[in-house]
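Please read the structure below before turning to the comments.
Number of protein chains: 2
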Amino acid sequence: MEGRSTTTSPSSHSQILFEVLERVRPTAVDRKRLQEVSGAILSRIRHLASERGLALEAMLAGSAARGTWLAGDHDLDIFLALPESSDLGLGLEVARLVSPHYEERYAEHAYVHARIDDFDVDLVPCYLLQEATALKSAVDRTPFHTRYVASKISGLEEEVLLLKQFMKGTEVYGSELKTGGFSGYLAELLILRYSSFVSTLREASSWRPGAIIDLEGHCARPHQEPLVVVDPVDPKRNVAAALTLDKMLQFSAASRCFLRDPGLAYFFPPEHRPISDEMLHRQIRDRGSCMIMVDFQAPPVVEDVLYPQLRKAEEAAMSLLEKNDFRLLRSDVGSSDGRAYLLFELEVWKLPAVHRRLGPPVWEEEHLSRFVAAHPEALSGPYIARGRAAVEIPRKYTSARDLLERELPNLSLGKHLAASVRQGYIIYVGLELAKKRDPEFRTFLARYLMARLRIG
Amino acid sequence: MEGRSTTTSPSSHSQILFEVLERVRPTAVDRKRLQEVSGAILSRIRHLASERGLALEAMLAGSAARGTWLAGDHDLDIFLALPESSDLGLGLEVARLVSPHYEERYAEHAYVHARIDDFDVDLVPCYLLQEATALKSAVDRTPFHTRYVASKISGLEEEVLLLKQFMKGTEVYGSELKTGGFSGYLAELLILRYSSFVSTLREASSWRPGAIIDLEGHCARPHQEPLVVVDPVDPKRNVAAALTLDKMLQFSAASRCFLRDPGLAYFFPPEHRPISDEMLHRQIRDRGSCMIMVDFQAPPVVEDVLYPQLRKAEEAAMSLLEKNDFRLLRSDVGSSDGRAYLLFELEVWKLPAVHRRLGPPVWEEEHLSRFVAAHPEALSGPYIARGRAAVEIPRKYTSARDLLERELPNLSLGKHLAASVRQGYIIYVGLELAKKRDPEFRTFLARYLMARLRIG
Numbered sequence: 005m006e007g008r009s010t011t012t013s014p015s016s017h018s019q020i021l022f023e024v025l026e027r028v029r030p031t032a033v034d035r036k037r038l039q040e041v042s043g044a045i046l047s048r049i050r051h052l053a054s055e056r057g058l059a060l061e062a063m064l065a066g067s068a069a070r071g072t073w074l075a076g077d078h079d080l081d082i083f084l085a086l087p088e089s090s091d092l093g094l095g096l097e098v099a100r101l102v103s104p105h106y107e108e109r110y111a112e113h114a115y116v117h118a119r120i121d122d123f124d125v126d127l128v129p130c131y132l133l134q135e136a137t138a139l140k141s142a143v144d145r146t147p148f149h150t151r152y153v154a155s156k157i158s159g160l161e162e163e164v165l166l167l168k169q170f171m172k173g174t175e176v177y178g179s180e181l182k183t184g185g186f187s188g189y190l191a192e193l194l195i196l197r198y199s200s201f202v203s204t205l206r207e208a209s210s211w212r213p214g215a216i217i218d219l220e221g222h223c224a225r226p227h228q229e230p231l232v233v234v235d236p237v238d239p240k241r242n243v244a245a246a247l248t249l250d251k252m253l254q255f256s257a258a259s260r261c262f263l264r265d266p267g268l269a270y271f272f273p274p275e276h277r278p279i280s281d282e283m284l285h286r287q288i289r290d291r292g293s294c295m296i297m298v299d300f301q302a303p304p305v306v307e308d309v310l311y312p313q314l315r316k317a318e319e320a321a322m323s324l325l326e327k328n329d330f331r332l333l334r335s336d337v338g339s340s341d342g343r344a345y346l347l348f349e350l351e352v353w354k355l356p357a358v359h360r361r362l363g364p365p366v367w368e369e370e371h372l373s374r375f376v377a378a379h380p381e382a383l384s385g386p387y388i389a390r391g392r393a394a395v396e397i398p399r400k401y402t403s404a405r406d407l408l409e410r411e412l413p414n415l416s417l418g419k420h421l422a423a424s425v426r427q428g429y430i431i432y433v434g435l436e437l438a439k440k441r442d443p444e445f446r447t448f449l450a451r452y453l454m455a456r457l458r459i460g
Numbered sequence: 005m006e007g008r009s010t011t012t013s014p015s016s017h018s019q020i021l022f023e024v025l026e027r028v029r030p031t032a033v034d035r036k037r038l039q040e041v042s043g044a045i046l047s048r049i050r051h052l053a054s055e056r057g058l059a060l061e062a063m064l065a066g067s068a069a070r071g072t073w074l075a076g077d078h079d080l081d082i083f084l085a086l087p088e089s090s091d092l093g094l095g096l097e098v099a100r101l102v103s104p105h106y107e108e109r110y111a112e113h114a115y116v117h118a119r120i121d122d123f124d125v126d127l128v129p130c131y132l133l134q135e136a137t138a139l140k141s142a143v144d145r146t147p148f149h150t151r152y153v154a155s156k157i158s159g160l161e162e163e164v165l166l167l168k169q170f171m172k173g174t175e176v177y178g179s180e181l182k183t184g185g186f187s188g189y190l191a192e193l194l195i196l197r198y199s200s201f202v203s204t205l206r207e208a209s210s211w212r213p214g215a216i217i218d219l220e221g222h223c224a225r226p227h228q229e230p231l232v233v234v235d236p237v238d239p240k241r242n243v244a245a246a247l248t249l250d251k252m253l254q255f256s257a258a259s260r261c262f263l264r265d266p267g268l269a270y271f272f273p274p275e276h277r278p279i280s281d282e283m284l285h286r287q288i289r290d291r292g293s294c295m296i297m298v299d300f301q302a303p304p305v306v307e308d309v310l311y312p313q314l315r316k317a318e319e320a321a322m323s324l325l326e327k328n329d330f331r332l333l334r335s336d337v338g339s340s341d342g343r344a345y346l347l348f349e350l351e352v353w354k355l356p357a358v359h360r361r362l363g364p365p366v367w368e369e370e371h372l373s374r375f376v377a378a379h380p381e382a383l384s385g386p387y388i389a390r391g392r393a394a395v396e397i398p399r400k401y402t403s404a405r406d407l408l409e410r411e412l413p414n415l416s417l418g419k420h421l422a423a424s425v426r427q428g429y430i431i432y433v434g435l436e437l438a439k440k441r442d443p444e445f446r447t448f449l450a451r452y453l454m455a456r457l458r459i460g
């Protein structure tokens, strides 16, 4: 630890933060453009609503509404709020007419995703409520979040930008289930709570599982999640519910490291690039492990539906492998180019034919008789091992590949995944992985193989 | 369990027991010969003692003295008892003069083993005591055992013969440390306690670890051993102290099986024969596991010294293998033809270069920094796995053979074994085992590979 400063150096911080802000702060031109585009969309919606005699309130939400969007982001969240007595379908009808370039998507309810100028616009029907605690659906909460943050964030926008970019650079940004990281709203709440980017990092440095942040002193009900941030507009809700333990700790450790030894790379790390054939060969040779990948058509569902099913399949396949005495080093799941995949890296992937099965304690006469009778053709045994009967019998699967190939369809998979797997799947082993040329997959592999976090 | 009688069938028992007794009961000629030989030896000792003016009492001990020796056994235990004030060395001097064909051996004290006619004779100096509870050495207890059994066994000798032969046939006879089974004295006590061979088996059928047998109602002090048989002549002592859990349960299970379905094979099982090259090849192929054997010169010590050291070495090598992530199926130790050997059968004997090392929880800042700093050149990592830091680094040993070859001399071995191993050792892997031609070793291997007990 010699020669490593453990105190914060404000001067180097400020220089770096200045440089970051230069890159992530929207310019005056950006702001004007966003205002023009969003203003035009809101007008169009209001016009469409009044044509239909709808009591519909159109509002800009998300980071664009709060002045906390990062330069280069061209995302607009626009909410179409209807009275509680209305049919959300009426809002959806309006949303469909905003732009000819749209597709319908589905989260908790249907919404419209449109491409307008060079902006990605989500047009989300919701209910107009008086209290965020009496929601009909999760999206109804968003307008409350926007109002809460907008009313307090003024003057702290740049701190939010720094924090969001730091979270992006350290790969903990994004509350979708694929990532399990921090949402934009959560980043904003942290800044509201701790007043600045650096203070937030300082506080996060000492987080442990079970940390609680309660801005409005709501005395939250107990939560099981590793980090609990009580929602100021809905005290029963944990804003960090989707944050995984590992992403929470990754942010905490990166915060410590940055404060000790700041650098631009925390915000703008080198991009992961698709792994080359040559590097893949070298990695496989150097590791000496066995990579086995199950690859199948991605079911036609959004990532928030797909990824929990992939993780569930990963867990199920892991227990299958371990129950059959194979030994796992690591695993991951991904999807790209219309395919989804489960990757397993095995430390033990071939086993001998002979397999030892332990039976009951020898003094349990009935159990023992059944056990011995059940194995009349043992390779060795029955014999006694530390008080228990044992036999050595041929094992069903001596190869992990065969096991996965044969048993995968019998695993309890999520609904959509089960349907996809029934349609067929490919298993790649070791160097066969090079057959997949998809660059996004190659990047996934590069990230897997060269996983390296700034944590200590 | 249908069609299987669970009650004892006395008629088939008695027929079998009759046949057994025909084979193991010493004939009148045997008895006469034993009396003549032992009588001559006792006379010779008494003569030698009186020549030297020694107050030495010579006595026949063991099964020969109790009329419980099995036909074909030609072992005599003769004790040379001296007053407590004497030097045992004087007894040893006498013992050396009994026969020219002798060698000195060493258990707790030195004794003489002589070949006299076709008998193996142990001539054991000991002290003449009034109370078995005030011993100077374990051998001093033997005369008390002989007197106790001799005074009570009359009429039950044939039951003892049946029990001893049953124990031999089921491979649980012999209290030497190599076997860890039942001593002759223990067999005799069981018959004294339960009156007959069949009753003993019936009682043993329901033994569990912790069973206590206390013939004289001594209220023994607590023991840790799986079976406690309070010594009638020395209540603090457990006669079954050397009996292992597995041999106890092997006897118990064999007793149940015999009572349910009696057969001569329990007493006279087919002999294990040396394994042929062909069978060894076939077994190794069918099992698919990896047999690794460490073979070295047997140190010049008796088996009761050698075997505990071999077992200790076996345990040490097992933990070494498992600590290095290899996986053991089974192991055994043996010695023959001047060699000693440790046999390991491995389920996993090759591992990939890459090895995952788990570090501290990520919130333990100091530990984490040390952990990360200690692995600057990880293949992958550091990354976070369920809250803990992890790295993937090259492993030191990817082959179990290399590990044993290199680390064996560094294991904590017993004194004599360590000396032997320092002189050098050979490692045989798989089919290389066929290089050893020693028939006793080949029999050891046959027993290992074709282990099959009658237990259920």
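Keeping their order, the protein sequence lines are chains A and B. The number in our numbering is simply the position in the first sequence, starting from 1, with 4 added. The number in our numbering is simply the position in the second sequence, starting from 1, with 4 added. Yeah, the Cβ is synthetic: ideal placement off N, Cα and C, and Gly gets one too.
### Query
Whose CA, out of A:Gly-460, A:Ala-321, A:Val-28, A:Gly-71, lies closest to the CA of Glu-368 of chain B?
Checking every option, the nearest Cα to that of Glu-368 of chain B belongs to A:Gly-460.
### Query
Smallest Cα separation from Gly-214 of chain B: which of B:Pro-312, B:Glu-229, B:Ser-200?
By alpha-carbon distance to Gly-214 of chain B, the top candidate from B:Pro-312, B:Glu-229, B:Ser-200 is B:Glu-229.
### Query
Closest Cβ-Cβ distance between Gln-254 of chain A and chain B: below 9 Å?
Closer than 9 Å to some Cβ of chain B, the Cβ of Gln-254 of chain A qualifies, so yes.
### Query
Distance, Cα to Cα, Lys-419 of chain B vs Ala-344 of chain B?
Taking C-alpha positions only, Lys-419 of chain B is separated from Ala-344 of chain B by approximately 14 Å.
### Task
Give me the Cα-Cα distance between Asp-308 of chain A and Glu-318 of chain B, rounded to the nearest whole angstrom.
Rounded to the nearest angstrom, the gap between the Cα atoms of Asp-308 of chain A and Glu-318 of chain B is 53 Å.
### Query
Shorter than 9 Å from the beta carbon of Pro-462 of chain B to some beta carbon of chain A?
Past the edges of chain B, shown from 5 to 460, lies residue 462 of chain B, and the structure says nothing about it.
### Query
What residue from B:Ala-44, B:Val-395, B:Leu-268, B:Trp-353 has the CA that sits closest to Leu-372 of chain B's CA?
Shortest Cα-Cα distance from Leu-372 of chain B to any of B:Ala-44, B:Val-395, B:Leu-268, B:Trp-353 involves B:Val-395.
### Message
Quick check on Thr-72 of chain B: buried or exposed, where buried means 16 or more other Cβ atoms within 10 Å of its Cβ?
### Response
By the 10 Å Cβ count, Thr-72 of chain B comes out buried.
### Message
Cβ closer than 7 Å: which chain A residues qualify as neighbours of Pro-356 of chain B?
### Response
Simply Arg-291, Gly-292, Ser-293, Glu-351.
#### Entry: Sequence-distant residues of the same chain with beta carbon closer than 6 Å to Ala-59 of chain A, five excluded per side
Cβ within range, chain order: Pro-87.
### Query
If you measure from the beta carbon of Gly-7 of chain A to each beta carbon in chain B, is any gap under 9 Å?
Summary for Gly-7 of chain A: the model assigns pLDDT 39, below 50, so the residue's position carries little reliability; its value from the coordinates is reported in the next sentence. By this cut-off, Gly-7 of chain A is not an interface position.
### Query
How about Thr-11 of chain A: is its C-beta nearer than 9 Å to some C-beta of chain B?
With a pLDDT of 49 at Thr-11 of chain A, under the threshold of 50, the modelled position of that residue is not reliable, and no figure is offered here.
### Message
I need the straight-line Cα distance from Leu-350 of chain A to Ala-191 of chain A, nearest angstrom please.
### Response
Linking Leu-350 of chain A to Ala-191 of chain A through their CA atoms gives a straight-line distance of about 37 Å.
### Task
To the nearest angstrom, report how far apart Asp-2 of chain A and Arg-315 of chain A are at their CA atoms.
There is simply no residue 2 of chain A to check, as chain A begins at 5 and stops at 460 in what is shown.
### Message
In the DSSP output, what is His-17 of chain B paired with across the bridge?
### Response
According to DSSP, His-17 of chain B bridges with nothing at all.
### Query
If Tyr-110 of chain B sits next to His-117 of chain B, beta carbons under 8 Å apart, how far is it from one beta carbon to the other, in whole angstroms?
Not confirmed; about 10 Å, so no contact.
### Message
Going by C-alpha to C-alpha distance, which of B:Asp-124, B:Leu-407, B:Gln-134 sits closest to Met-297 of chain B?
### Response
That would be B:Leu-407, whose Cα lies nearest to the Cα of Met-297 of chain B.
### Arg-56 of chain A, buried or exposed, once every other Cβ within 10 Å from all chains shown has been counted against 16
Within a 10 Å sphere around the beta-carbon of Arg-56 of chain A sit fewer than 16 other beta-carbons, which makes this residue exposed.
### Query
How is the beta strand (DSSP E) around Ile-217 of chain B delimited, first residue to last?
For Ile-217 of chain B, the enclosing beta strand (DSSP E) begins and ends at 215–217.
### Task
Please specify which runs of the alpha helix (DSSP H), each continuous and at least 4 residues long, are wholly inside the stretch 310–341 of chain B, giving them in chain order.
If only complete runs of 4 or more residues are kept, the stretch 310–341 of chain B shows no alpha helix (DSSP H) anywhere.
### DSSP-derived helix/strand/coil call for Ile-195 of chain B
DSSP, read as helix, strand or coil, puts Ile-195 of chain B in helix.
### Query
Along chain B, in chain order, which residues have C-beta atoms closer than 9 Å to that of Thr-465 of chain A?
Coverage of chain A is limited to positions 5 through 460, which leaves residue 465 of chain A absent and any answer about it impossible.
### Task
Would you decide whether Thr-402 of chain A is buried or exposed? Buried here means 16 or more other CB atoms lie within 10 Å of its CB.
Classification of Thr-402 of chain A: buried, given that the 10 Å Cβ count is 16 or more.
### Message
For the stretch 275–293 of chain B against the stretch 198–216 of chain B, do three or more pairs of beta-carbon atoms, one drawn from each stretch, fall closer than 8 Å, so that the two count as touching?
### Response
Judged by pairs of C-beta atoms under 8 Å, the stretch 275–293 of chain B does not touch the stretch 198–216 of chain B, as fewer than three such pairs exist.
### Message
Contact criterion: CB-CB distance below 9 Å. Does Glu-275 of chain A meet it with respect to chain B?
### Response
False, the Cβ-Cβ gap to chain B never drops below 9 Å.
### Message
Below 8 Å, how does it come out for the stretch 425–435 of chain B and the stretch 259–269 of chain B: are there three or more Cβ pairs, yes or no?
### Response
The way I'd put it, the stretch 425–435 of chain B doesn't touch the stretch 259–269 of chain B; fewer than three beta-carbon pairs between them come closer than 8 Å.
### Message
Using a Cβ-Cβ cutoff of less than 8 Å, which residues in the same chain neighbour Gly-221 of chain A once the five nearest sequence positions on both sides are dropped?
### Response
The same chain holds no residue with a CB closer than 8 Å to that of Gly-221 of chain A once the five nearest residues on each side in sequence are set aside.
### Continuous alpha helix (DSSP H) stretch holding Leu-160 of chain B: start and end
Secondary structure note for Leu-160 of chain B: it is in no alpha helix (DSSP H), with a DSSP letter that is neither H nor E.
### Message
Could you check whether Leu-449 of chain B and Leu-347 of chain B sit closer than 9 Å to each other, using their CB atoms as the reference points?
### Response
A distance below 9 Å separates the beta carbons of Leu-347 of chain B and Leu-449 of chain B.
### Task
Locate the alpha helix (DSSP H) running through Lys-240 of chain A, then write down its first and last residues.
In this chain, Lys-240 of chain A is not harboured by any alpha helix (DSSP H); it is covered by the beta strand (DSSP E) spanning 238–242.
### Query
Does Ile-459 of chain A come within less than 9 Å of chain B when only Cβ atoms are used?
Closer than 9 Å: yes.
### Query
For Lys-168 of chain B, which of B:Asp-124, B:Ser-209, B:Ser-67 has the nearest alpha-carbon?
Ranking the options by Cα distance to Lys-168 of chain B, first place goes to B:Ser-67.
### Message
By the three-class DSSP mapping on this structure, what secondary structure does Glu-483 of chain B have?
### Response
With chain B covering only 5 through 460, there is no way to say anything about residue 483 of chain B.
### Query
Which residue's Cα is closest to the Cα of Ala-422 of chain B: B:Leu-310, B:Ala-142, B:Arg-70, B:Thr-31?
Nearest option by C-alpha distance: B:Leu-310.
### Query
Counting only beta-carbon atoms, is Ser-384 of chain B nearer than 9 Å to chain A?
With a threshold of 9 Å between beta carbons, Ser-384 of chain B makes contact with chain A.
### Query
Can you name the residues of chain D whose CB is closer than 8 Å to the CB of Val-376 of chain A?
The structure shown contains no chain D; its protein chains are A and B.
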